[in-house]
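Residues in the sequence shown are numbered from 8 upward in steps of one, following my numbering.
Every residue, glycine too, gets a C-beta built ideally from N, C-alpha and C.
This one's a predicted model, so the numbers in the text were calculated from it and none came from an experiment.
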Amino acid sequence: MFIRDINLQLLFYKNHQENWLENGTSRKASFQGLDPGEYEFLFMASNNDGVWSEQSDGVKIAVRPPAWKTWWAYSSYIGLIAITAFGMVKRRDKNQMVKLEETRRTEELEEARNFQLKMLPKECPKILNLDIAATIETATEVGGDYYDFFPQKNKESVYVVVGDATGHGMTAGMMVSITKAGLYGTQPNIPPNEISYGLNRVIKAFSLGKTKMAISIARFWEDRVEFTSAAMPPVYHYHGDTGDTDEILLEGLPLGSIKGETYSQVEILSLIHISEPTRPRLISYAVFCLK
Numbered sequence: 008m009f010i011r012d013i014n015l016q017l018l019f020y021k022n023h024q025e026n027w028l029e030n031g032t033s034r035k036a037s038f039q040g041l042d043p044g045e046y047e048f049l050f051m052a053s054n055n056d057g058v059w060s061e062q063s064d065g066v067k068i069a070v071r072p073p074a075w076k077t078w079w080a081y082s083s084y085i086g087l088i089a090i091t092a093f094g095m096v097k098r099r100d101k102n103q104m105v106k107l108e109e110t111r112r113t114e115e116l117e118e119a120r121n122f123q124l125k126m127l128p129k130e131c132p133k134i135l136n137l138d139i140a141a142t143i144e145t146a147t148e149v150g151g152d153y154y155d156f157f158p159q160k161n162k163e164s165v166y167v168v169v170g171d172a173t174g175h176g177m178t179a180g181m182m183v184s185i186t187k188a189g190l191y192g193t194q195p196n197i198p199p200n201e202i203s204y205g206l207n208r209v210i211k212a213f214s215l216g217k218t219k220m221a222i223s224i225a226r227f228w229e230d231r232v233e234f235t236s237a238a239m240p241p242v243y244h245y246h247g248d249t250g251d252t253d254e255i256l257l258e259g260l261p262l263g264s265i266k267g268e269t270y271s272q273v274e275i276l277s278l279i280h281i282s283e284p285t286r287p288r289l290i291s292y293a294v295f296c297l298k
């Protein structure tokens, strides 16, 4: 604000200072560091004779706060803090849920592994002078790998079963238990392909969705092997007399696919070599390999 023909000025900024401020002969007034708010500017001036003017009318001046100090800015800060806090809490809860799910999954896999091992025979049977060895190593994702032996009461033959249920965890374990129960309920002394046919009807009746059972069944006799397979990798027939190995692969859908599915069967003859007058020895045998 400029003032003409003055000798001395007195300035007063209401709401900013308590006393009048002498401004000399300067024609302008400058105030810095004002806080946001409403102010009233007053002044008086004198001439060379020392006569003072009346106090001026007040000039209303409003000092606005900077954008980052406005009420809506503070509201944005509060909202941002609230959103951040909410996001952190939600993320913490999600991490806790993930940990709980991992713990639950680990416990379930451990239960499935123990359940799977309980489904397996404790020892290999000693029958027909066969050398039988079997083992299983469970992976991190426990599957439905299964094997079993069913010696017949007349001791003239033994069924050997190797299977693999699709999927992992308890669902696969359930499939194995159904298969095992079905095998124990099967009538004795029937061809392996008829066993697969009956098991397929039983499993299909349970409607376990996409969970199926691939299986190979072999019945060992003194002089031959009857073999059937449903969606399993090949088995290998080693000829002890020549050292040759044949791959035997049978086509067929896994158990539980189609209710009326039938399964083919092959018969492997074992050559008998008389190594001692009183003891015949089988020199041809089948090897079950589960890939």
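DSSP-derived helix/strand/coil call for Y84
Position 77 of the sequence shown holds residue 84. The three-state reading of DSSP puts Y84 in helix, counting H, G and I together.
Looking only at C-alpha atoms, which of F156, E144 and G151 sits nearest to E130?
Start at 1 with the first residue of the sequence shown, and residue 130 comes out as number 123. Distance check between E130 and each of F156, E144 and G151 places F156 closest, using alpha-carbon atoms only.
Per the DSSP calculation, W59 is bridged to which residue(s)?
Taking the sequence shown and counting its residues from 1, the one referred to as residue 59 is at position 52. Its beta-bridge partners are S53.
For the alpha helix (DSSP H) that contains E201, what are its first and last residues?
As a working note, residue 201 is residue 194 in the sequence shown. Here the alpha helix (DSSP H) through E201 covers P199 to F213.
Going straight from the alpha carbon of W27 to that of F50, what length do you get?
Taking the sequence shown and counting its residues from 1, the one referred to as residue 27 is at position 20. Taking the sequence shown and counting its residues from 1, the one referred to as residue 50 is at position 43. Between W27 and F50, the C-alpha separation is close to 8 angstroms.
Starting from the C-beta of I134, find all residues in its chain whose C-beta is less than 7 angstroms away, skip the five residues before and the five after it, and write them out in chain order.
Locating residue 134 in the sequence shown gives position 127, where the first residue counts as 1. Excluding positions up to five away in sequence, the list reads P158, K162 and V165.
Where A74 sits in the DSSP three-state scheme:
The residue you call residue 74 lines up with position 67 of the sequence shown. Here A74 sits in helix by DSSP.
Taking 8 angstroms as the threshold (C-beta atoms), are A238 and L215 in contact?
Here residue 215 refers to the residue found at position 208 of the sequence shown. Here residue 238 refers to the residue found at position 231 of the sequence shown. Not a contact, by the Cβ cut-off of 8 angstroms.
On the CB-based measure, 16 or more other CB atoms within 10 Å of its CB, does F227 come out buried or exposed?
Indexing the sequence shown from 1 puts residue 227 at position 220. Buried: at least 16 other Cβ atoms inside 10 Å.
Distance check for E108 and I197, CA to CA, integer angstroms please.
Start at 1 with the first residue of the sequence shown, and residue 197 comes out as number 190. Start at 1 with the first residue of the sequence shown, and residue 108 comes out as number 101. Roughly 46 angstroms between the two C-alpha positions.
Let me confirm a value: V168 is counted as buried when at least 16 other C-beta atoms fall within 10 Å, else exposed. Which label applies?
For the purposes of this step, residue 168 is taken as the residue at position 161 of the sequence shown. Buried, since its Cβ has 16 or more Cβ neighbours within 10 Å.
Is it the case that the Cβ atoms of A221 and E233 are separated by a distance below 8 angstroms?
In the sequence shown, residue 221 corresponds to position 214, counting from 1. In the sequence shown, residue 233 corresponds to position 226, counting from 1. Taking 8 angstroms as the Cβ cut-off, A221 and E233 do not qualify as a contacting pair.
Let me confirm a value: D265 is counted as buried when at least 16 other C-beta atoms fall within 10 Å, else exposed. Which label applies?
As a first step, residue 265 must be located in the sequence shown, where it is residue number 258. The sequence shown places Ile at residue 265, rather than the Asp named in the question. I265 sits exposed, since fewer than 16 C-beta atoms from the chains shown fall within 10 Å of its C-beta.
Residues near K160 by beta carbon distance below 8 angstroms, same chain, minus five either side
On the sequence shown, position 153 is the one that residue 160 refers to. Here K160 has P195 as same chain residues with Cβ atoms under 8 angstroms from its own Cβ, once five neighbours each way along the sequence are excluded.
Report the rounded CA-to-CA distance for D42 versus T32, giving the unit in angstroms.
What you label residue 42 is simply residue 35 of the sequence shown in a count that begins at 1. What you label residue 32 is simply residue 25 of the sequence shown in a count that begins at 1. Going from the Cα of D42 to the Cα of T32 covers about 27 angstroms.
If you draw a straight line from the alpha carbon of K45 to that of K35, how long is it in whole angstroms?
Counting from one through the sequence shown, the residue named residue 45 turns up at place 38. Counting from one through the sequence shown, the residue named residue 35 turns up at place 28. The displayed chain sequence assigns Glu, not Lys, to residue 45. When rounded, the separation of the alpha-carbon atoms in E45 and K35 is 20 angstroms.
Using the rule of at least 16 other Cβ atoms within 10 Å of the residue's Cβ for burial, across every protein chain shown, is P199 buried or exposed?
By 1-based counting over the sequence shown, the position of residue 199 is 192. By the C-beta density criterion, P199 is buried, having at least 16 other C-beta atoms within 10 angstroms.
Please state if the CB of E254 and the CB of Y245 are separated by a distance shorter than 8 angstroms.
As a first step, residue 245 must be located in the sequence shown, where it is residue number 238. As a first step, residue 254 must be located in the sequence shown, where it is residue number 247. Not in contact: Y245 and E254 (Cβ atoms no closer than 8 angstroms).
Take A69 as the anchor and find which of N55, F48 and W79 has the nearest alpha-carbon.
Within the sequence shown, numbered from 1, the residue matching residue 69 stands at position 62. Out of N55, F48 and W79, F48 has the C-alpha closest to the C-alpha of A69.
Assuming T218 and A179 form a contact by the criterion Cβ under 8 angstroms, report the distance between their Cβ atoms to the nearest whole angstrom.
If you number the sequence shown from 1, residue 218 lands on position 211. If you number the sequence shown from 1, residue 179 lands on position 172. Separation of the CB atoms of T218 and A179 is rounded to 7 angstroms, and the pair is thereby assigned contact status at 8 angstroms.
Taking the beta strand (DSSP E) that P158 falls in, what are its first and last residues?
As a first step, residue 158 is located in the sequence shown; it is residue number 151 there, counting from the start. Run containing P158: G151 to P158, per the beta strand (DSSP E) assignment.
May I have the straight-line CA-CA distance separating T91 from S83, to the nearest angstrom?
In the sequence shown, counting from the first residue as 1, residue 91 sits at position 84. In the sequence shown, counting from the first residue as 1, residue 83 sits at position 76. One Cα belongs to T91, the other to S83, and the distance between them is close to 12 angstroms.
Using 8 angstroms for Cβ pairs, my map puts L262 next to S236. What's the rounded Cβ distance?
In the sequence shown, counting from the first residue as 1, residue 262 sits at position 255. In the sequence shown, counting from the first residue as 1, residue 236 sits at position 229. Wrong, their Cβ atoms sit about 11 angstroms apart, outside the cutoff.
Which residues bound the beta strand (DSSP E) around Y4?
Because the chain is modelled from 8 through 298, residue 4 falls outside the range shown and cannot be assessed.
Excluding the 5 residues flanking Y204 on each side, which residues of the same chain have their C-beta closer than 8 angstroms to its C-beta?
Here residue 204 refers to the residue found at position 197 of the sequence shown. E268, T269 and Y270, listed in sequence order.
Inter-residue spacing [alpha-carbon to alpha-carbon] between Q39 and Q103:
Numbered from 1 along the sequence shown, position 32 holds the residue referred to as residue 39. Numbered from 1 along the sequence shown, position 96 holds the residue referred to as residue 103. One alpha carbon belongs to Q39, the other to Q103, and they sit about 54 angstroms apart.
8 angstroms contact criterion, which A187 and M95 should meet: CB distance rounded
By one-based count along the sequence shown, residue 187 stands at place 180. By one-based count along the sequence shown, residue 95 stands at place 88. In the sequence as presented, Ala is not what sits at residue 187; that position holds Lys. Not quite, the Cβ-Cβ distance comes to about 50 angstroms (not below 8 angstroms), so this is no contact.
Here's the rule I'm using: 16 or more other beta-carbon atoms within 10 Å means buried, otherwise exposed. How should E283 be labelled?
What you label residue 283 is simply residue 276 of the sequence shown in a count that begins at 1. Its pLDDT being 36, under 50, E283 is placed unreliably in this model, and the value from its coordinates should be taken loosely. Result: exposed.
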